[in-house]
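Undergrad:
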Amino acid sequence: MDLATPALSAKGRNAYYWRLMATALSFALFGIGGLCLRLVIFPLLACLPGDAHSHRQRARNTVSRLFWLFIRFMARSGVLTYEVQGAERLGRPGQMIIANHPSLIDVVFLIGLVRDANCVVKQSLWSNPFTRGPVRATQYISNDGSMDMLDAASGALQEGQTLIVFPEGTRTQPGSAPAFHRGAAAIALRGAKIITPVVIRVSPSTLTKAEPWYRIPSRRVHFSFHVGADIDPQTFAAQGPAPQASRKLNEHLHHYFIKELARDERYTPGPDA
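So the sequence shown is numbered by the numbering used here: it starts at 3 and just counts up by one.
#1: Give the DSSP bridge partners of threonine 164, in chain order.
#2: Is it buried or exposed for valine 42, if we count other Cβ within 10 angstroms and need 16 for buried?
#3: Where are the beta strand (DSSP E) runs, 3 residues long or more, that stay fully inside the segment 206–273, in chain order?
#4: Return the first residue and the last residue of the beta strand (DSSP E) that glutamine 87 is part of.
#5: Which runs of the alpha helix (DSSP H) fall wholly inside the segment 41–70 and span at least 4 residues, in chain order?
#6: Taking only the alpha-carbon atoms, compute the straight-line gap between phenylalanine 75 and phenylalanine 168 and give it to the nearest angstrom.
#7: Would you mind reading off the limits of the beta strand (DSSP E) that contains isoleucine 107?
#8: Of the choices Ala89, Ser79, Ser205, whose alpha-carbon is the least far from that of valine 116?
#9: What's the gap between the Cα of arginine 184 and the Cα of threonine 140?
#10: Classify arginine 221: buried if its beta carbon has 16 or more other beta carbons within 10 angstroms, exposed otherwise.
#11: Helix, strand or coil for arginine 184, going by three-state DSSP, please let me know.
#12: Is there contact between the segment 148–160 and the segment 198–208, where contact requires at least three CB pairs shorter than 8 Å?
#13: Taking all protein chains shown into account, decide if threonine 174 is buried (16 or more other Cβ within 10 angstroms of its Cβ) or exposed.
#14: Please say whether serine 105 and threonine 288 have beta carbons closer to each other than 9 Å?
#15: My assumption, with CB atoms under 8 Å, is that alanine 179 sits in contact with tyrosine 84. Please give the rounded CB distance.
#16: Under 6 Å Cβ to Cβ from histidine 228, same chain only, skipping five residues before and after it: list those, please.
#17: Could you tell me the alpha carbon to alpha carbon distance between tyrosine 269 and aspartate 4, rounded to whole angstroms?
#18: Would you identify the three-state DSSP class for leucine 176, choosing helix, strand or coil?
#19: For cysteine 121, is the classification buried or exposed, using 16 other Cβ atoms within 10 angstroms of its Cβ as the cut-off for buried?
#20: Exposed or buried, what is histidine 55 when buried is set at 16 or more other beta-carbons lying within 10 Å of its beta-carbon?
#21: By the 10 Å Cβ neighbour count, where 16 or more other Cβ atoms means buried, how is serine 248 classified, buried or exposed?
#22: Taking 6 Å as the limit between beta carbons, can you name the residues of its chain near proline 219, skipping five residues before and five after?
#23: For proline 245 versus alanine 194, is the C-beta distance shorter than 9 Å?
#24: Alpha carbon to alpha carbon, how far is alanine 256 from cysteine 49?
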């Protein structure tokens, strides 16, 4: 797995209209791929022998590999470049991966990096014809804000699954500090063995909330993923009752990401930074 893109030598790769066409092709392939998974690939995989756990693992591995191929296609076609620092520390049993959410394809990167990860994803994906096949076959967790969601997420961690969570619940507005909901901290305290933060930077900003795919920046986008040091949730669990511990852990994570993102000169921290 290539964790950084080499420099592209062709000058034309930076051309705006080339990148626009390559971006359109990328998203068309993503949609077609989702339909193929739902209508062809997953029905075939379901015919293979094995229990429910084996079927789920096959589905997750298939999605992960295809997501990474999608990222590699976008890189090869000149849409983006990327670098990942610390990927070898992702994918451990009972690990909760917490990341900020600046772009639409953050989850594609992280699932592509972790072969058998579970993920808390937005509820609308279950009704989207291009994505409902993959999210159901992989048994990802719907972020519907219910107690059932918290139970499912903490239960997955207790079973030894790796869980990817975006505590913001939606994409960050460009130039704004991330605002973390306390649900992620509550899940971590109930089930995670370790918490591993992943700081995502995107320059220039693209595919943000309410921004259409065709509004591409004037130059090629660069994605940077930095895997931070592990955090022991029990350190916070010992500091008081569950609501108090959850609040303290959430504040710790929030300030950690603000501090890390503030190191990027393109980021303007919020008033509480």
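Glycine is no exception: its CB is placed at the ideal position from the N, C-alpha and C atoms. Since the model is a prediction, treat every value here as computed from it, not as a measurement.
TA: This is what the structure gives:
#1: Ala119
#2: exposed
#3: Qualifying beta strand (DSSP E) stretches, in chain order: 223–229.
#4: 82–87
#5: 44–48
#6: Cα to Cα, the separation comes out at about 25 Å.
#7: Bounds of any beta strand (DSSP E) do not take in isoleucine 107, whose DSSP letter is neither H nor E.
#8: Ala89
#9: 25 Å
#10: exposed
#11: coil
#12: At 8 Å Cβ cutoff, the stretches do not touch.
#13: buried
#14: Nothing about residue 288 can be read from this structure; the chain reaches only from 3 to 275.
#15: With a Cβ gap of about 23 Å, alanine 179 and tyrosine 84 do not count as contacting.
#16: Excluding sequence neighbours, histidine 228 sits near Gln87, Val201.
#17: With a pLDDT of 43 at tyrosine 269, under the threshold of 50, the modelled position of that residue is not reliable, and the figure given next carries that caveat. If I take the Cα positions, the gap works out to 27 Å.
#18: Strictly speaking, residue 176 in this sequence is proline, with leucine absent from that position. Looking at proline 176 - three-state DSSP - the assignment turns out to be coil, as it is neither helix nor strand.
#19: Answer is buried; the Cβ neighbour count reaches 16.
#20: exposed
#21: buried
#22: Pro206, Thr208
#23: no
#24: Contrary to the premise, residue 256 reads as histidine rather than alanine in this sequence. Between histidine 256 and cysteine 49, the C-alpha separation is close to 44 Å.
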